[in-house]
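Heads up: the structure comes next, in structure tokens.
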Amino acid sequence: MTTLNRRRFAQLAAGALLTPSLVRAAAPGKPNSKVGGVHIGVNAPYSFGNAAMSAEDILKTCVQLGLSAVELRTQPVEAHLGAPAGLTTPKAKVLPAGAADDHAKKLAAWREGVDMAKVRAFRKFYEDGGVFIEVIKVDSIFKMGESELDYAFNLAKALGARGISTEISKSDDDHKRVGKFADKHKIHLALHGHASTGPAHWEKAFSFGEYVGANVDLGHFVAGDHGSPVEFIKKHHKRITHVHVKDRKKGNGPNTPFGEADTPIGEVLRLIRDNKWPIQATIEFEYKVPADSDRMKELAKAIKFCREALS
42 MTTLNRRRFA
52 QLAAGALLTP
62 SLVRAAAPGK
72 PNSKVGGVHI
82 GVNAPYSFGN
92 AAMSAEDILK
102 TCVQLGLSAV
112 ELRTQPVEAH
122 LGAPAGLTTP
132 KAKVLPAGAA
142 DDHAKKLAAW
152 REGVDMAKVR
162 AFRKFYEDGG
172 VFIEVIKVDS
182 IFKMGESELD
192 YAFNLAKALG
202 ARGISTEISK
212 SDDDHKRVGK
222 FADKHKIHLA
232 LHGHASTGPA
242 HWEKAFSFGE
252 YVGANVDLGH
262 FVAGDHGSPV
272 EFIKKHHKRI
282 THVHVKDRKK
292 GNGPNTPFGE
302 ADTPIGEVLR
312 LIRDNKWPIQ
322 ATIEFEYKVP
332 ADSDRMKELA
342 KAIKFCREAL
352 S
């Protein structure tokens, strides 16, 4: 596979990247999205609108947007490491039951042979470009056996991540079982919630392990009418690896451009800044792109909104 060299990064940083007024100039060759101590990142490749995006293209896009932090899905990582194409495609997530089981077995078997030295080289590839993988997103973690769970947490560690994000389960047994591996590896299991996920759901999960934590989606929290996420974050900040930054209206309302709905984005970002908590502010882009714009321009606007909230 091709890799980006330092000259290419310099070209990306120095070139006309989107709209100059929207994208902050980075240090030569590398992006910098740490503002007031808060690392602004992005959920990728999800936020870029292409689930099949390669690791190289994700990195290029982060550099183009001036982002130096990412919550990265495992699929592009494992594809870069040489996983067979059929095991890392987005279509694998919607297979019928029998085919899904066969896919899971093949992926688990491939993972047994992964050389963590190559994973560390992947981390260096990203960090040489100025992008830090602080969280990885792992699908179907509650279906994994013991050896595959060890693999997932070792993968996170080798990539430099402090947490693994995954969808919160309805089963306490899931949180208890996987929570033991989080504690064993001292890597947070960051449970992502939707509008139906309230504080009590997370707090029950927290009881199953020191490293059972949360990925608090600010927009979903507000849309689910759980009140402001501020008090929950204050109470449980040690367990929160990252917040998903998006704006939604109350009453299960829609996603909107940042600053147009009910989510206290600025208040949360300043709370993290003022308390110096190591919580990534991870943009998760979900609102409809206006007809007179495009996704990259809207992402740049979202980043600008976060930067200004922290200035």
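Heads up, the sequence shown is in this note's numbering, so the first residue is 42 and it goes up one at a time. Glycine included, each C-beta is placed from N, C-alpha and C at the ideal position.
In its own chain, which residues sit with a C-beta less than 6 Å from the C-beta of residue i, not counting the 5 before and 5 after it?
| i | result |
| --- | --- |
| ALA197 | ILE177, ILE205 and ILE228 |
| TYR397 | The structure shown has nothing for residue 397, since the chain only spans 42 to 352. |
| PHE262 | PRO270 |
| THR238 | ILE209 |
| PHE222 | LEU190 and PHE194 |
| TRP243 | ALA255 |
| ALA350 | GLY307 and LEU310 |
| ALA236 | HIS261, ALA264, GLY265 and ASN293 |
| HIS226 | PHE194 |
Where do the N-terminal and C-terminal ends of the alpha helix (DSSP H) with residue i fall, by residue?
| i | result |
| --- | --- |
| HIS121 | 115 to 121 |
| HIS226 | 213 to 226 |
| ALA343 | 336 to 351 |
| GLY70 | Taken as a continuous stretch (DSSP letters only), GLY70 belongs to no alpha helix (DSSP H), as it is neither H nor E. |
| ILE209 | Here ILE209 belongs to no alpha helix (DSSP H), and DSSP marks it neither H nor E. |
| PRO240 | 240 to 247 |
| VAL155 | Premise fails: VAL155 is in no alpha helix (DSSP H) and is neither H nor E. |
| HIS277 | 271 to 277 |
Could you give the first and the last residue of the continuous beta strand (DSSP E) run that contains residue i?
| i | result |
| --- | --- |
| PHE173 | 173 to 178 |
| ALA231 | 229 to 233 |
| ASP41 | Outside the displayed range of the chain (42 to 352) lies residue 41, so it cannot be described from this structure. |
| ALA126 | That residue, ALA126, is in no beta strand (DSSP E); its alpha helix (DSSP H) goes 126 to 129. |
| VAL79 | 79 to 85 |
Count the other C-beta atoms from every protein chain shown that fall within 10 angstroms of the C-beta of residue i, then say buried if there are 16 or more, exposed otherwise.
| i | result |
| --- | --- |
| ARG203 | buried |
| LYS329 | exposed |
| PHE50 | Reliability fails at PHE50, whose pLDDT of 34 lies under 50, so the model's placement of it is uncertain and no value is given. |
| CYS347 | buried |
| ARG336 | exposed |
| ALA241 | exposed |
| HIS80 | buried |
| PRO72 | buried |
| ASP156 | exposed |
| GLY234 | buried |
| ALA322 | buried |
| ALA341 | buried |
| MET42 | Confidence in MET42 is poor, its pLDDT being 42 and thus under 50, which makes the residue's placement unreliable; the coordinate value appears in the next sentence. So MET42 counts as exposed. |
| ALA66 | Only weak support is given to the placement of ALA66: the predicted model assigns it a pLDDT of 39, under 50, and the value that follows is read from those uncertain coordinates. So ALA66 ends up on the exposed side. |
| SER352 | exposed |
| LYS287 | buried |
| GLY154 | exposed |
| GLU325 | buried |
| SER334 | exposed |
| ASN158 | The question names Asn, yet the displayed sequence has Ala at residue 158. Exposed, since its Cβ has fewer than 16 Cβ neighbours within 10 Å. |
| SER74 | buried |
| ALA246 | buried |
| SER188 | exposed |
| SER212 | exposed |
| GLY123 | exposed |
| LEU58 | Low local confidence applies: a pLDDT of 36 at LEU58 is under 50, so the model's placement there is unreliable, and no value is given. |
| GLY171 | buried |
Is there a Cβ from chain D that is less than 8 Å from the Cβ of residue i?
| i | result |
| --- | --- |
| ILE174 | Looking for chain D here will not work: only one protein chain is present. |
Tell me, please, which residues DSSP counts as bridged to residue i.
| i | result |
| --- | --- |
| GLN321 | HIS283 |
| GLY204 | VAL176 and HIS229 |
| ASN316 | According to DSSP, which records beta bridges pairwise, ASN316 is partnered with nothing at all. |
| GLU110 | A small correction: the amino acid at residue 110 is Ala; Glu does not occupy that position in the sequence shown. In DSSP, ALA110 forms a bridge with PHE173. |
| ASP288 | THR297 |
| VAL76 | VAL79 |
Identify, in the order they occur along the chain, each residue of the same chain with its Cβ nearer than 7 Å to the Cβ of residue i, setting aside the five sequence neighbours on each side.
| i | result |
| --- | --- |
| PRO217 | One point to set straight first is that residue 217 is Lys, not Pro, in the sequence displayed. Excluding positions up to five away in sequence, the list reads PHE249. |
| MET185 | ALA193 |
| ASN106 | The residue you asked about is not Asn; residue 106 is Leu in the sequence shown. Same-chain partners within the cutoff: VAL64, LEU340, ALA341 and ILE344. |
| ILE31 | The structure shown does not extend to residue 31, since the chain is modelled only from 42 through 352, so no value can be given for it. |
| GLY300 | ASP288 and PHE346 |
| ARG164 | ILE174, ALA199, LEU200 and GLY201 |
Ordered along the chain, which non-local residues of its own chain (more than five positions away) have a Cβ less than 8 Å from that of residue i?
| i | result |
| --- | --- |
| ALA120 | SER95, ALA96, ALA126 and THR129 |
| ILE99 | ALA85, PRO86, PHE89, VAL111, LEU113 and PRO117 |
| THR297 | ASP288, ARG289, LYS290 and TYR328 |
Cβ of residue i versus every heavy atom of the ligand GTP: is any distance shorter than 7 Å?
| i | result |
| --- | --- |
| ALA255 | As for the ligand GTP, it is missing from this structure, which has no ligand bound. |
**Asked** Is the stretch 141 to 151 touching the stretch 255 to 265 in the sense that three or more CB pairs, one from each, lie closer than 8 Å?
**Response** Contact between the stretch 255 to 265 and the stretch 141 to 151 is absent: fewer than 3 CB-CB pairs across the two stretches fall below 8 Å.
**Asked** Does the stretch 105 to 125 come within contact of the stretch 167 to 182, defined as at least 3 CB pairs closer than 8 Å?
**Response** Touching, yes.
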